[in-house]
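Trainee: My questions will all concern the structure given below.
2 protein chains.
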Amino acid sequence: MNIENAQVQMRKGILEFCILHIISRGEVYASDMLDELTSAKIMVVEGTLYPLLTRLKNSGLLEYKWVESSSGPPRKYYVITETGLEFLTGMQATWVELSESVNTIIHKTEALKTSA
Amino acid sequence: MNIENAQVQMRKGILEFCILHIISRGEVYASDMLDELTSAKIMVVEGTLYPLLTRLKNSGLLEYKWVESSSGPPRKYYVITETGLEFLTGMQATWVELSESVNTIIHKTEALKTSA
DNA sequence: CCAAGTACCTTGTATCACAAAGTACCTTAC
DNA sequence: GTAAGGTACTTTGTGATACAAGGTACTTGG
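Protein chains in written order, with our numbering: chain B, 8 to 123; chain V, 8 to 123.
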C-alpha cells in the first residue's frame, strides 16, 4: 500500500463524472478531454480514457460521430445524450453529498485538535 | 451501468481516508466507526470495513489491541501509527487537490451555462 | 517510400467495495 | 446448564475499474 495507489483509488468513478461534465458542454474528442483534465490537474492516460468513453457510449450516455481532420486521422467527436444528462445530474448530487460527508469527518477531526 | 454503481466507484479510496481520520482521533472499534460513518451519511457494511481495517493494519498504518467488553465478545480497538499519520497527511492533500480539480470542471460548466 | 506525428484500440494486472455466509464469544432466561 | 439472541470479527466470491504496455491505422513531409 502506497500513496500513489491511494490516489488512484480516490479518483475512481470521479473521472467518469468529469468526462460527462466536459462532454456536456459540447462536442469534443479525446485529446480535447485530455487537455482539459490535465489543466485541471487530473492526470489521465489514453489507456484509461478510451475504454471509459466506450463504456459510456455502450451505456447510452454518449454518442459520437466521425469527423475528418485537416491534419491527421479522423476523430471521434462525442456528445452527451438525454440519458447522459440525467445520469450527470445524479452524479453531481452524489459528488456534492460525498464531499459534504468527507468534510464532516475532516472538520470533526479539526474540532478535536482545537479543543485539545 | 447504473447510478448505484457509479456512487460505489466514486467512493473508492475515500472510505480509507475517512477511516484513517476517525481512528486518528483516538481508540475506536469497528462499531464506533460504523456509527460515525453512518451519521456522516457514508454507508458502509461490515464486509467492506473489516477487510479494509485488516489491509491498513497489514500495511503498518494501524495497530490494534483486544479489549474485553462488559457486554459481549472482546473488541479490537484500533489506533493510528506514526506511519499512518504521515499517510493520512498525504491523503488529505490528495483529497483537497481532487476536490479543487473537480470543482474546477464543474464551475467551468456552470460558467458556460450562464454565458449562454 | 518511409519516418514522424496523431488518434484510436486491446490485453493483462492489481485493487477495491460489496453481498452473503460463516465463526466465535457473551449474556439472559428458563 | 443449556438454548436463544445479540455482538463482533472473518472469509469467499463477484463485478467493476485505473493503468501500463503494446498495437493498429491514417496523414503529412522529405
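A virtual CB, placed ideally from N, CA and C, is assigned to each residue, including glycine.
According to the neighbour-count rule (16 or more other Cβ atoms, all chains shown, within 10 Å of its Cβ), is B/MET17 buried or exposed?
Mentor: In the first sequence, residue 17 of chain B corresponds to position 10, counting from 1. Buried, since its Cβ has 16 or more Cβ neighbours within 10 Å.
Trainee: Note the first and the last residue of the continuous beta strand (DSSP E) segment covering B/LEU69.
Mentor: The residue you call residue 69 of chain B lines up with position 62 of the first sequence. Here the beta strand (DSSP E) through B/LEU69 covers 69-74.
Trainee: Against chain B, with Cβ distances strictly below 8 Å, would V/SER66 count as a contact?
Mentor: Taking the first residue of the second sequence as position 1, residue 66 of chain V is located at position 59. V/SER66 counts as touching chain B.
Trainee: 8 Å is my cut-off, CB to CB: does V/THR45 come that close to chain B?
Mentor: Residue mapping note: residue 45 of chain V aligns to position 38 of the second sequence, counting from 1. No, its Cβ sits nowhere closer than 8 Å to a Cβ of chain B.
Trainee: Assuming B/GLU11 contacts B/ILE29 under a Cβ cut-off of 8 Å, what Cβ separation, rounded to an integer in Å, is found between them?
Mentor: Here residue 11 of chain B corresponds to residue number 4 of the first sequence, with the count starting at 1. Here residue 29 of chain B corresponds to residue number 22 of the first sequence, with the count starting at 1. So it is not a contact: roughly 25 Å between Cβ atoms.
Trainee: Kindly indicate which three-state DSSP category B/ILE49 falls into: helix, strand or coil?
Mentor: As a first step, residue 49 of chain B is located in the first sequence; it is residue number 42 there, counting from the start. Coil at B/ILE49, not helix or strand.
Trainee: Count the other C-beta atoms from every protein chain shown that fall within 10 angstroms of the C-beta of B/TYR85, then say buried if there are 16 or more, exposed otherwise.
Mentor: Position 78 of the first sequence holds residue 85 of chain B. So B/TYR85 counts as buried.
Trainee: By how many angstroms is the C-alpha of V/SER38 removed from the C-alpha of V/TYR71?
Mentor: Position 64 of the second sequence, counted from the start, is the residue given in the question as residue 71 of chain V. Position 31 of the second sequence, counted from the start, is the residue given in the question as residue 38 of chain V. Computed Cα separation, rounded: 14 Å.
Trainee: Any beta-carbon of chain V closer than 8 Å to the one on B/SER108?
Mentor: Mapped onto the first sequence, residue 108 of chain B falls at position 101. It does: the Cβ of B/SER108 has a partner Cβ on chain V nearer than 8 Å.
Trainee: When DSSP builds the beta bridges, which residues end up paired with V/ARG82?
Mentor: Residue 82 of chain V sits at position 75 when you count from the first residue of the second sequence. According to DSSP, which records beta bridges pairwise, V/ARG82 is partnered with V/VAL74.
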